[in-house]
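Visitor: Quick mapping for you: the protein sequence lines, in order, are chains C and X. What the first sequence shows, in this note's numbering, is residues 28 to 409, in sequence order. What the second sequence shows, in this note's numbering, is residues 55 to 327, in sequence order. We treat Cβ as the ideally placed atom computed from N, Cα and C, and that holds for glycine.
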Amino acid sequence: MSPTKDDGGRGIRIRGVSKIYSGTARPAVDDVSLDIAQGEFMTLLGPSGSGKTTMLSMLAGFASVTAGSIEIDGREVSRLKPHKRDLGVVFQQYALFPHLSVAKNVAFPLQQRRMAKADIAAKVAEALELVHLGDFADRLPGQLSGGQQQRVALARAVVYQPRALLMDEPLGALDRRLRDQLQREIARMHRELGMTFIFVTHDQHEALTLSDRIAVFNDGRIEQCGTPAELYERPETLFVAQFLGESTGFRGTVDRAAGVLRCGPHALRAPLLEPALDGADGVVVVRPERLELHVEAGRVAAGHNRVGATVTEIVYVGDRHQVGLRFDDGATGTATHPVGPPLPAMPGEAVTVSWDPRHQAVVADPTGSSVPSPAVEVTADA
Amino acid sequence: MTEPPRDRIKGGKEGGLGWGLRTAVALTGLLLIAPTVVVIPMSFSGADTFEFPPKTWSLRWYRSFFGSEKWMYALLTSLQIGLLVAVVATVLGVAVALGLTRSRFRGLGTVRALLMAPMIMPGIVVAVAIYGVFIRWQLNGTAVGFVVAHTVLALPFVVTAVSTSLSGYDRTMDVAAATLGATAWTTFFRITVPLVAPGVLSGFAFAFVTSLDEVVVALFLQTPDIQTLPVQMYNSITLEIDPTIAAASSLMVVVTTLVLLVPQLVRRERRTR
Chain C
28 MSPTKDDGGR
38 GIRIRGVSKI
48 YSGTARPAVD
58 DVSLDIAQGE
68 FMTLLGPSGS
78 GKTTMLSMLA
88 GFASVTAGSI
98 EIDGREVSRL
108 KPHKRDLGVV
118 FQQYALFPHL
128 SVAKNVAFPL
138 QQRRMAKADI
148 AAKVAEALEL
158 VHLGDFADRL
168 PGQLSGGQQQ
178 RVALARAVVY
188 QPRALLMDEP
198 LGALDRRLRD
208 QLQREIARMH
218 RELGMTFIFV
228 THDQHEALTL
238 SDRIAVFNDG
248 RIEQCGTPAE
258 LYERPETLFV
268 AQFLGESTGF
278 RGTVDRAAGV
288 LRCGPHALRA
298 PLLEPALDGA
308 DGVVVVRPER
318 LELHVEAGRV
328 AAGHNRVGAT
338 VTEIVYVGDR
348 HQVGLRFDDG
358 ATGTATHPVG
368 PPLPAMPGEA
378 VTVSWDPRHQ
388 AVVADPTGSS
398 VPSPAVEVTA
408 DA
Chain X
55 MTEPPRDRIK
65 GGKEGGLGWG
75 LRTAVALTGL
85 LLIAPTVVVI
95 PMSFSGADTF
105 EFPPKTWSLR
115 WYRSFFGSEK
125 WMYALLTSLQ
135 IGLLVAVVAT
145 VLGVAVALGL
155 TRSRFRGLGT
165 VRALLMAPMI
175 MPGIVVAVAI
185 YGVFIRWQLN
195 GTAVGFVVAH
205 TVLALPFVVT
215 AVSTSLSGYD
225 RTMDVAAATL
235 GATAWTTFFR
245 ITVPLVAPGV
255 LSGFAFAFVT
265 SLDEVVVALF
275 LQTPDIQTLP
285 VQMYNSITLE
295 IDPTIAAASS
305 LMVVVTTLVL
315 LVPQLVRRER
325 RTR
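(1) With 16 other CB atoms within 10 Å as the buried threshold, where does Gly72 (chain X) fall?
(2) Go ahead and pull the three-state DSSP assignment for Asn332 (chain C).
(3) Using 8 Å for Cβ pairs, my map puts Leu297 (chain X) next to Leu255 (chain X). What's the rounded Cβ distance?
(4) Which residues in the same chain have their Cβ closer than 6 Å to the Cβ of Glu250 (chain C), if we skip the five residues on either side of it in sequence?
(5) Which residue spans inside the stretch 146-228 of chain C form an unbroken alpha helix (DSSP H) run of at least 4?
(6) On the criterion of 16 or more Cβ atoms from any shown chain inside 10 Å, does Ala143 (chain X) qualify as buried, or is it exposed?
(7) Would you say Val334 (chain C) faces chain X, with C-beta separation under 9 Å as the test?
(8) Can you name the residues of chain X whose CB is closer than 8 Å to the CB of Leu86 (chain C)?
(9) Taking the alpha-carbon positions, what's the Asp207 (chain C) to Arg215 (chain C) distance?
(10) Do you know how far the Cα of Val141 (chain X) is from the Cα of Met96 (chain X)?
(11) Quick check on the DSSP output: the alpha helix (DSSP H) that includes Glu233 (chain C) runs from which residue to which?
(12) Could you spell out where the alpha helix (DSSP H) holding Gly357 (chain C) opens and where it closes?
(13) Give me the residue from C:Gln231, C:Arg203, C:Val56, C:Val158 with the minimum Cα distance to Glu212 (chain C).
(14) So if DSSP puts Arg69 (chain C) in a beta bridge, which residue, or which two residues, is it bridged to?
(15) Mind listing the chain C neighbours of Met96 (chain X)? Cutoff is C-beta to C-beta under 8 Å, in chain order.
(16) Between Arg327 (chain X) and chain C, is there a C-beta pair that is closer than 9 Å?
(17) Considering Lys124 (chain X), what are the terminal residues of the alpha helix (DSSP H) in which it resides?
(18) Buried or exposed: where does Val319 (chain C) fall if 16 or more other Cβ atoms within 10 Å of its Cβ makes it buried?
(19) Is any beta-carbon of chain X found at less than 9 Å from that of Leu258 (chain C)?
(20) Mind pulling the beta strand (DSSP E) runs of 3 or more residues that sit fully within the stretch 367-395 of chain C?
(21) Mind the definition here: the stretch 223-235 of chain C touches the stretch 186-195 of chain C only if three or more C-beta pairs lie below 8 Å; say whether that holds.
(22) Could you check whether the stretch 128-139 of chain X touches the stretch 107-114 of chain X, counting it as contact only if at least three pairs of C-beta atoms, one from each stretch, sit closer than 8 Å?
(23) What does a CB cutoff of less than 7 Å around Ser91 (chain C) pick up in its chain, not counting 5 residues either side in sequence?
(24) Which residues in the same chain as Gly169 (chain C) place their Cβ atom closer than 7 Å to its Cβ, once the five residues preceding and following it in sequence are excluded?
(25) Just to confirm, are Gly147 (chain X) and Phe211 (chain X) a CB contact at a threshold of 9 Å?
(26) What does Leu249 (chain X) reach in chain C if we use C-beta pairs closer than 9 Å?
(27) Expressed to the nearest angstrom, what Euclidean distance is found between the alpha-carbon atoms of His331 (chain C) and Thr236 (chain C)?
(28) Any idea which residues DSSP pairs Val416 (chain C) with across the strands?
(29) Note down the Cα distance separating Val263 (chain X) from Gly199 (chain X), rounded to an integer number of angstroms.
(30) As a quick exercise: from C:Gly199, C:Leu160, C:Thr363, C:Val186, pick the residue whose alpha carbon is nearest that of Gln139 (chain C).
(31) With 8 Å as the C-beta to C-beta threshold (strictly closer), list the residues of the stretch 227-242 of chain X near chain C in chain order.
(32) Give me the DSSP bridge partner(s) of Gln286 (chain X).
(33) Taking 9 Å as the threshold (beta carbon to beta carbon), is Tyr48 (chain C) in contact with chain X?
(34) For Phe135 (chain C), go through chain X and note every residue whose CB falls closer than 7 Å to its CB, in chain order.
(35) Only counting runs of 3 or more residues, tell me where the beta strand (DSSP E) segments fall wholly within the stretch 242-315 of chain C, in order along the chain.
(36) Going straight from the alpha carbon of Phe159 (chain X) to that of Gly153 (chain X), what length do you get?
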């Protein structure tokens, strides 16, 4: 998805941007191009060291650009100093000024812009109202909880209506309950302000719930960029499938003419294969909630893929059961089963696992091993 | 920083210190203030010689102190040199501390150790060395000589105090200020300086007190024309048994304590504001 609405050249255009830190050979960011539309919530997702924070640093101006260009609202900014870029930045460790009150922290950017005193007071009050901290104006940051401090930081970063708000793991230092709460606050602020938000995280749940689009970073490159649903349902690489959500993968060789992935004794149906994949090593990736478990193989719907397996364990996680599976060839995987209906099988029992090929994705196998190892469990930590 | 934990395992005994430790702390404290406890009452004595505890009370030794041209001149000399030392050592010390905490180079540890050397070296060794060099440079008996020598001795205190407050300074603050539209200058004066000020202030106070207290180097550098208060005290006690020195000592104790308390009070005031 590219910016669809006509925004008259507004938004952020990143073109061929690379970053090589001095003394290192491998680029931290490697030829990245990305368009971010005005008002969009874009998340840069990836493991640590994937280049997402470096990309954010280059946007904000903390790191110089080795190659490429960054345009904000049609203006080339990659050589501008941070204080000239007119962006808001929120840091993981809040970075509030400890000797200034909450109100003075929020007033700071307005004073730099030489705004009249009365206007500053009004703007500060409005911004603190936005983050529900109107009563805390005279407190010092040290007297606030971590969640409150981060809300002050948010207010401070949007009070001067910057061209975009950049956030570097803003929820990383908070405990889980506060993280969920602040996540909702950020989503609400995005709706109310209509500002472009660029959010860096390694947390797939944050990325999936908050974003309009997600750019998945790996090794300094964007693996895939799309809406949360696109990335979850149609991962284009094994990395994306692994990093976003859980999945079970079946490794094999693609036979495009037959429309199948040959995987040991199985021929998994795989319609609409990319021409580039023909004859190559590929992985069929299926999400746990798409796997159906049958005790009788005859009940599998026509046209669905099927693989035999043994249930190894059943873990109750509150809103669902997680069913551990060992496939006939020894590989393992996970399926989910709702809490209401009776469980189809108990641990130790044999089942037939099936799924609709429309709900699978076929990606290239980056390990490229020619020896078919039929199933591989691919999971990602939260 | 996460939320402050409500429950957590606390180390140590409930109800604070045990009896043994309390006694040890009390004894140490007593030992530290004992000279002061003796000298201050003695300065208010009415007797002609040192007397403790005093049988009669009077302010005669203070009158004698403030009425003596010699003592007043020594006090003035000490205050002038002390202030000059404090200013010079603070300026140099802040620069050194900035360099030590914000740069990385080979030999950083060596430079740090060399700067701390005057604190560790025996005072008499430093004094003899300075004396020898200053004779050649003709700095003996000059105000410049005193200021230079005392600055060397005071510098480690300033560097330590300022380095401590700088190492607690989060550089993300500079980056944050830049994104909010502040130039490097604005950031320095509105963010860095106020946050580091308590450390600088206590460095200043330490430097002043170091110079005020210093006697060994001052004895070597003195001439009849230029004597600091501790030197005058030393000279007075070797020539005559005159309780004026008790008044001078008491004043030194009070001034030193006040000067060193200021940074503490400033810090506390900030915290509770």
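Guide: Checking against the coordinates, here is how it stands:
(1) Gly72 (chain X) is exposed by the Cβ-count criterion.
(2) For Asn332 (chain C), the secondary structure class from DSSP, reduced to helix, strand or coil, is strand.
(3) A small correction: the amino acid at residue 297 (chain X) is Pro; Leu does not occupy that position in the sequence shown. Contact between Pro297 (chain X) and Leu255 (chain X) does not hold, since the beta-carbon distance rounds to 35 Å and is not under 8 Å.
(4) Hits under 6 Å: Val243, Thr264, Phe266, Val267.
(5) Look at the stretch 146-228 of chain C and you find these whole runs of alpha helix (DSSP H), each 4 residues long or longer: 173-185, 203-220.
(6) By the neighbour-count rule (16 or more Cβ atoms within 10 Å), Ala143 (chain X) is buried.
(7) Cβ-Cβ to chain X under 9 Å: no for Val334 (chain C).
(8) Chain-ordered listing is empty here: chain X has no CB closer than 8 Å to the CB of Leu86 (chain C), the nearest sitting near 11 Å.
(9) If I take the Cα positions, the gap works out to 13 Å.
(10) Roughly 34 Å between the two C-alpha positions.
(11) Counted as a single uninterrupted DSSP element, the alpha helix (DSSP H) harbouring Glu233 (chain C) occupies residues 231-237.
(12) It is not in any alpha helix (DSSP H) - Gly357 (chain C) carries neither H nor E in the DSSP assignment.
(13) Checked all of C:Gln231, C:Arg203, C:Val56, C:Val158; the closest Cα to Glu212 (chain C) is C:Val158.
(14) Position check: residue 69 (chain C) holds Met in this sequence, whereas Arg was assumed. Partner(s): C:Ile225, C:Arg240.
(15) Chain-order list of chain C residues neighbouring Met96 (chain X): empty, with the shortest C-beta distance near 44 Å, by a criterion of under 8 Å.
(16) Caution is warranted here: a pLDDT of 48 is assigned to Arg327 (chain X), below 50, making its placement in the model unreliable, and no coordinate value can be reported.
(17) Segment 123-156, the alpha helix (DSSP H) holding Lys124 (chain X).
(18) The displayed chain sequence assigns Glu, not Val, to residue 319 (chain C). Buried is the label assigned to Glu319 (chain C), since at least 16 other Cβ atoms lie within 10 Å of its Cβ.
(19) Contact of Leu258 (chain C) with chain X is not assigned, every C-beta pair being separated by 9 Å or more.
(20) For the stretch 367-395 of chain C, whole beta strand (DSSP E) runs of length 3 or above, ordered along the chain, are 377-382, 387-391.
(21) A contact exists between the stretch 223-235 of chain C and the stretch 186-195 of chain C.
(22) With a cut-off of 8 Å on Cβ pairs, the stretch 128-139 of chain X is not in contact with the stretch 107-114 of chain X, counting fewer than three such pairs.
(23) Residues of the same chain with their beta carbon placed closer than 7 Å to that of Ser91 (chain C) are lacking, with the five preceding and five following residues left out of the count.
(24) Result list for Gly169 (chain C): Pro125, in chain order.
(25) The answer is yes: Cβ separation under 9 Å.
(26) Neighbours of Leu249 (chain X) on chain C, chain order: Phe124, Pro125, His126.
(27) If I take the Cα positions, the gap works out to 30 Å.
(28) Absent from the structure is residue 416 (chain C), since the part of chain C shown begins at 28 and ends at 409.
(29) Here the alpha carbons of Gly199 (chain X) and Val263 (chain X) stand approximately 18 Å from one another.
(30) It is C:Val186.
(31) For the stretch 227-242 of chain X, the beta-carbon criterion of a distance under 8 Å to any beta-carbon of chain C is satisfied by Met227, Val229, Ala230, Ala231, Ala232, Thr233, Leu234, Gly235, Ala236, Thr237, Thr240.
(32) Gln286 (chain X) is bridged by DSSP to nothing; it lacks a bridge partner.
(33) Contacts with chain X at 9 Å (Cβ-Cβ) do not include Tyr48 (chain C).
(34) Below the 7 Å Cβ cutoff, chain X contributes Leu234 as neighbours of Phe135 (chain C), in chain order.
(35) You should have 248-253, 274-282, 287-290, 293-296, 308-313.
(36) The alpha-carbon atoms of Phe159 (chain X) and Gly153 (chain X) are separated by roughly 10 Å.
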